[in-house]
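Take a look at the structure set out below.
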Amino acid sequence: MCPAALPRRLVVLSIVMLLAAAGASAAIKATVDADERVDSPVPHRYIHGVIPDDAKFQLALPDQWNGKLVVFSRGFSGSELTPGAWKTTTLEKGYAFAASDEGWSRLTIAKEPQDSYYESRQRIRELTLYAQQVLIAHYKKKASRTLMMGGSNGGHHTKWMVESYPELYDGGIAGYGFNSQVSQWGGVATVLRHYDVIAPRIDDIIAKRAADPSWDPARAPLVPSLTAGQLAALEGIYDVPASIPNGATFNVGRWPGSEAQWKSNHDAWVGYLRDSMPRFDPTFNPNGGALTDEELRLWDPTRSPKAVQKELRRLDLTGNLKRPVIVMHGTADAIVSPGESDGYRALVERRLGKRNADRVLAVYFIPGMGHGGPEYSNLIGAQLDALEQWIDYRESRGKRGAPAPERLGGYPRGLSRLRPPPARPA
0 MCPAALPRRL VVLSIVMLLA AAGASAAIKA TVDADERVDS PVPHRYIHGV IPDDAKFQLA
60 LPDQWNGKLV VFSRGFSGSE LTPGAWKTTT LEKGYAFAAS DEGWSRLTIA KEPQDSYYES
120 RQRIRELTLY AQQVLIAHYK KKASRTLMMG GSNGGHHTKW MVESYPELYD GGIAGYGFNS
180 QVSQWGGVAT VLRHYDVIAP RIDDIIAKRA ADPSWDPARA PLVPSLTAGQ LAALEGIYDV
240 PASIPNGATF NVGRWPGSEA QWKSNHDAWV GYLRDSMPRF DPTFNPNGGA LTDEELRLWD
300 PTRSPKAVQK ELRRLDLTGN LKRPVIVMHG TADAIVSPGE SDGYRALVER RLGKRNADRV
360 LAVYFIPGMG HGGPEYSNLI GAQLDALEQW IDYRESRGKR GAPAPERLGG YPRGLSRLRP
420 PPARPA
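For the sequence shown, the residue numbers in numbering that gives the first Met the number 0 are 0 to 425.
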């Protein structure tokens, strides 16, 4: 059982931590505004506060601790308080849990707001170090293992953090995330441009795909037929070339079977792009006034100034994995193309070779699943179990544990048969 929690009050905790990448000691001050007992989903100590740069966080320390820590990264929207099933599942399994809103949604980097995305990674890192020290103070021993997890933007963060800080994280669960801000937000702008052309026929397209999952628009025309421009636009949604410099080329088009999501996700595409693009590329302003939704669609990050492209590329994944990562992605995801996860496997294979890539990356596709949802939430526990077994297997050189399973939650490891052909060269 954990000791009695402190009364709810404002305190300031100052913990000196070794900042591995900097190679120096620094004081991390956390302003704690809640420290209390909570009984659900399991009895635990709950701490809430703020670490530097206005990044809010929560820690949950279960009474029945399994000796390990899970650090959660939020999606594009939400806060440190919205992990949902991620938190519930990890606490029920005995993990200590840490989550942050990472500060970036409040543009806390005053001089270079585009840097807030990059700096959010440092907030995650600081929270990880802070949480590890709190665990030592609370349980009187350090965590034996630290895992990273998240979906969507948090899935991207998870891969980036595990790549960048293998000394901090033993492995990760990266749900339906992207590889590059260029491929993600440039891809959204491309899809929006094409969607505008097919919008008058979207209900017919959805109905046709539902009636014939193997439908090929080029070989089986709709009745009445799509115009040449509409057919080209539809193909343009399926085929969106993307690449990582000196890395892999992949297709971030939306996959066949996701058409029903396009209509419902349209407003989200616009909202995400409106929130992201002006931060990354303040130079883009075609008419000199407030950006309209129509103008957002015209943005192409590959044509942005070199300084903007350099900033965007700071967040590219490299494929240089040293710790195991499990990825699950829905084939009907229209927010983040499942081609991003397909592309990440290609990126890791290009960097490490296929044999070594198989030792650190396992990708599974969930047919028909959109951008997360109950299908994914119900598999968080199975992913944790598989990751733990995989880490044990690697650390023991095969004497205990097991490699990544060939099927996880009934879904096979590897390419989806629903995958479209590779993108044509840009």
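Even for Gly, the Cβ is constructed at its ideal location relative to N, Cα and C.
- In the DSSP assignment, Met147 falls outside any alpha helix (DSSP H) and within the unbroken beta strand (DSSP E) covering 144 to 150.
- Look at Lys28 here: in three-state DSSP terms it is strand.
- In this structure Ala33 does not touch Ile50 by the C-beta definition: roughly 14 Å separates them, more than the 8 Å allowed.
- Beta-carbon to beta-carbon, Trp261 and Ile201 are separated by about 7 Å, close enough to satisfy the 8 Å threshold.
- Within the same chain, Cβ atoms closer than 6 Å to the Cβ of Gly408 are found at Leu378, Ala381, the five residues on either side in sequence being excluded.
- Bounds of the alpha helix (DSSP H) holding Val269 are 258 to 279.
- Pairing Asp332 with Arg399, the inter-Cα distance amounts to about 36 Å.
- Straight through space, the alpha carbons of Glu258 and Ile236 are spaced by roughly 10 Å.
- Annotation for Gly318: no beta strand (DSSP E) segment contains it, and DSSP assigns it neither H nor E.
- Taking C-beta separations shorter than 6 Å and ignoring five residues to either side along the sequence, the partners of Arg208 in its chain run Trp214, Glu258, following chain order.
- For Leu272, the closest of Arg312, Glu293, Ala95 by C-alpha to C-alpha distance is Glu293.
- Secondary structure remark: continuous alpha helix (DSSP H) runs of at least 4 residues inside the stretch 139 to 221, in chain order: 152 to 163, 180 to 197, 201 to 210.
- The residue from Phe96, Asp274, Met327 with its alpha-carbon nearest to that of Pro373 is Met327.
- Every alpha helix (DSSP H) stretch that sits fully inside the stretch 337 to 375 and reaches 4 residues is listed by chain position as 338 to 351, 353 to 357.
- The beta carbon of Pro244 lies closer than 6 Å to none in the same chain, with the five residues before and after it left out.
- Bridge pairing for Leu383: absent [DSSP].
- Contact between Gly329 and His370 holds: their C-beta atoms lie close to 7 Å from each other, under 8 Å.
- Beta-carbon to beta-carbon, Ser72 and His156 are separated by about 4 Å, close enough to satisfy the 8 Å threshold.
- Under the Cβ criterion (8 Å, minimum of three pairs), the stretch 163 to 181 counts as touching the stretch 311 to 318.
- Contact fails between the stretch 184 to 204 and the stretch 145 to 164, because fewer than three Cβ pairs, one in each stretch, are under 8 Å apart.
- Of the residues assessed, Thr89 falls on the buried side of the cut-off, its CB having 16 or more other CB atoms within 10 angstroms.
- Around the beta carbon of Asp238, 16 or more other beta carbons sit within 10 angstroms, so the residue counts as buried.
- Non-local C-beta neighbours of Lys353 in its own chain, meaning closer than 8 Å and more than five positions away in sequence, are absent.
- Around the beta-carbon of Ser39, fewer than 16 other beta-carbon atoms lie within 10 Å, marking it exposed.
- Scanning its chain for C-beta atoms nearer than 6 Å, with the 5 sequence neighbours on each side dropped, one finds around Val307 the residues Asp280, in chain order.
- A Cβ-Cβ separation of about 4 Å places Gly186 in contact with Val251 under the 8 Å criterion.
- One alpha carbon belongs to Asn355, the other to Ser99, and they sit about 32 Å apart.
- Proximity to Pro337 across Gly318, Val347, Glu348, Val362 peaks at Val362, based on C-alpha coordinates.
- Rounded to whole angstroms, Ala401 and Ile390 show a C-alpha spacing of 8 Å.
- Sequence-distant partners of Gln388 (beyond 5 residues in either direction) whose C-beta falls short of 7 Å from its own C-beta, in its chain, are Gly400, Ala401.
- In this structure, the beta-carbon distance from Gly174 to Tyr375 falls below 8 Å.
- Around the beta-carbon of Gln229, 16 or more other beta-carbon atoms lie within 10 Å, marking it buried.
- Glu339 places its beta carbon less than 8 Å from that of Phe177.
- Exclusion of the five residues before and after Pro212 leaves Pro255, Gly256 as the residues of its chain whose Cβ lies within less than 8 Å of its Cβ.
- Taking Ser163 as the centre and dropping the five residues before and after it, the same chain places the C-beta of Arg120 closer than 8 Å to its C-beta, in chain order.
- CA-CA distance, Ile204 to Ala198, rounds to 10 Å.
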